[in-house]
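As structure tokens, the structure follows; a few thoughts come after it.
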Amino acid sequence: SSGINAEWPLRPGKHSMNPFDENAVEEAVRMKQKKIVKEIIAVSCGPTQSQETIRTALAMGADRGIHVEVPKGTEADLQPLAVAKIFAKLIEKEQPDVVILGKQAIDDDANQTTQLLAGLVDWPQGTMASALEHSDGQLKITREIDGGLEDIKVKLPAIISADLRLNEPRYATLPNIMKAKKKKIEKLSPGDLGVDIAPRLTVKKVVDPPVRQAGDKVPDVATLLDKLKEKGHIKA
3 SSGINAEWPL RPGKHSMNPF DENAVEEAVR MKQKKIVKEI IAVSCGPTQS
53 QETIRTALAM GADRGIHVEV PKGTEADLQP LAVAKIFAKL IEKEQPDVVI
103 LGKQAIDDDA NQTTQLLAGL VDWPQGTMAS ALEHSDGQLK ITREIDGGLE
153 DIKVKLPAII SADLRLNEPR YATLPNIMKA KKKKIEKLSP GDLGVDIAPR
203 LTVKKVVDPP VRQAGDKVPD VATLLDKLKE KGHIKA
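All residue numbers for the sequence shown refer to this note's numbering, where the first residue is 3 and numbers rise by one.
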């Protein structure tokens, strides 16, 4: 089977927020409503259009945004390690108590940024969170795992990744959308943060899986054995 060139250009149009990130923003807003946090900062890395995503977060209830802009046409090369390094520098700059991310992107499904970030800043992590409870400077996290659910506790500051069942994200109302237009978005570049975003991995090509041959129907066991011998699957 022949390989095809692995280039998927971004088509023009409105950018929307990753569903897992919507859960992350919603949980941050709920934590603010419960007075667990005082301020919510929404961060996105990408081209100019990424500001649309930040405005959505601001309309949902975030207080301000940070846009780490990368040159148009290079956003597809922005890999989880580079994003984690950017977030690590922003943690140094902003000193948050908790960082909540969507558990994975819905294009490459990498599910790596949270874990890489926790390792870079040496903070505890709670991934694939479907429930959060705050008590005495700790977070009790219910995690969705292959075998069911797992409860853990982490001390703050911590890195959390949101799963879809964590909450039901709210819709931004028109008044809040209008208010979001007046909220501040700070613009930075990876260079401002001293981060090299050159990709560490390169996709050389994408190939189709081999086409399966059609099976044969045989009338009886004797014919089946003859066919298997003919194809060399069993010895004569």
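Every residue gets a Cβ at the ideal spot worked out from N, C-alpha and C, and that includes glycine.
C-alpha distance - residue i paired with residue j, whole-angstrom precision
i    : j    : result
I50  : Q215 : It is Thr, not Ile, that sits at residue 50 in the sequence shown. Distance between the alpha carbons of T50 and Q215 is about 48 Å.
M19  : P212 : 35 Å
Q97  : V209 : 44 Å
V110 : K219 : Val is not the amino acid found at residue 110; the sequence shown has Asp there. When rounded, the distance between both Cα atoms is 40 Å.
H136 : K142 : 6 Å
L230 : I236 : 6 Å
A182 : G67  : 10 Å
P21  : Q81  : 19 Å
E232 : V205 : 40 Å
G128 : V27  : 16 Å
T225 : I108 : 49 Å
Limits of the beta strand (DSSP E) - the one that residue i falls within
i    : result
E77  : No beta strand (DSSP E) contains E77, which DSSP labels as neither H nor E.
I179 : First-last for I179: 176 to 182, but that is the alpha helix (DSSP H), not the beta strand (DSSP E).
T144 : 140 to 147
Proximity below 9 Å, CB of residue i to CB of residue j
i    : j    : result
V197 : P159 : no
L190 : E54  : no
G104 : A164 : yes
T116 : I147 : no
P171 : E24  : yes
A112 : P201 : no
L92  : V31  : no
Beta-carbon separation (whole angstroms), residue i vs residue j, contact threshold 8 Å
i   : j    : result
A86 : L118 : 4 Å
I43 : K34  : With a Cβ gap of about 11 Å, I43 and K34 do not count as contacting.
Start and end residues, alpha helix (DSSP H) containing residue i
i    : result
I154 : First-last for I154: 150 to 157, but that is the beta strand (DSSP E), not the alpha helix (DSSP H).
M130 : That residue, M130, is in no alpha helix (DSSP H); its beta strand (DSSP E) goes 127 to 137.
Runs of beta strand (DSSP E) wholly within the stretch 80 to 104 (minimum 3 residues, chain order): 100 to 104
Sequence ranges, beta strand (DSSP E) only - wholly within the stretch 176 to 226, length at least 3: 187 to 190
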